[in-house]
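For the sequence shown, the working numbering assigns the number 75 to the initial residue and increments by one for each residue that follows.
All C-beta atoms, glycine included, are put in the ideal place defined by N, C-alpha and C.
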Amino acid sequence: MSVARVSEISATSTESFEDAIKQGIARANKTLRKLKSAWIKEQTVHIENGEVAYYRVNMMITFVLDD
């Protein structure tokens, strides 16, 4: 039997939502082991001077706990 935990993280990128997702997962993978899935909970953009300054995603990361 395995037990999983879910943590919410936020990641940003000046390039795209996809890049923010990839950066968030890469960073979570440095700290958490056995990542299994990510649910993108929210996507927002920050606007400066009428243009998109950066993209932000809030995501729920699921990982399996060690025995």
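Query                                                                                                                                                   : Result
Between which two residues does the beta strand (DSSP E) carrying N132 extend?                                                                          : E125 to V138
On the premise that R130 lies in contact with A100, defined as a C-beta separation below 8 Å, what is that separation, rounded to the nearest angstrom? : That pair is no contact at about 16 Å.
Based on Cα-Cα distance, which residue from A112, V80 and E89 lies nearest to Y128?                                                                     : E89
How is the beta strand (DSSP E) around E89 delimited, first residue to last?                                                                            : Unbroken run through E89: none, as it is neither H nor E.
Tell me which same chain residues have a C-beta within less than 6 Å of the C-beta of K108, skipping the five on either side of it?                     : F137 and V138
Taking just the CA atoms, how far does V77 sit from D141?                                                                                               : 9 Å
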